[in-house]
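Colleague:
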Amino acid sequence: MPTIAFSGIFRRHLIVEPGSVAGATVRDALENVFATNPRLRNYLLDDQGAVRKHVVIYLNDHPITDRGGQSDRVSEQDEIFVFQALSGG
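All residue numbers for the sequence shown refer to the numbering used here, where the first residue is 2 and numbers rise by one.
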């Protein structure tokens with residue numbers, strides 16, 4: 002199964018331990034995490050289900066390409082990492 006991990010900012014507000022998660026797409030994996038941690042959905046996704054502006058999701062070493070539907074395919078060996086993007090100057 003793919004693995005998923007969250008940066009410290011999310012772990013500061015919610016219990017989100019890294020671990021294996023079932024899913025054929027990033028969205029499937031997220032939905033499985035949301036099933037056990039429904040509050041996390043509002044931190045990561047907007048009301049249309051798209052990744053929030055200041056959240057970045059990486060699949061292995063690259064940002065996901067589908068921020069709207071998170072349809073990027075995942076395999077058994079993939080790693081998903083979710084973190085808060087920084088902005089400002």
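Beta carbons: idealized from backbone N, C-alpha and C, even for Gly. Because the structure is a prediction, the values reported are computed rather than measured.
Can the beta-carbon of V17 be found closer than 8 Å to that of N33?
Modeller: Their beta carbons are not under 8 Å apart, which means V17 does not touch N33 by this criterion.
Colleague: Can you find the residues in the same chain that come closer than 7 Å, C-beta to C-beta, to N61, ignoring five residues on each side of it along the sequence?
Modeller: Only D79 and E80 meet the Cβ criterion.
Colleague: Considering just the uninterrupted stretch of the beta strand (DSSP E) at T26, what are its terminal residues?
Modeller: T26 -> no beta strand (DSSP E), and no H or E assigned at all.
Colleague: Which residue or residues does DSSP assign as beta-bridge partners of V83?
Modeller: According to DSSP, V83 bridges with F7 and I58.
Colleague: Compute the Euclidean distance between the alpha carbons of H63 and N38, then round it to the nearest angstrom.
Modeller: For H63 and N38, the distance between alpha carbons rounds to 25 Å.
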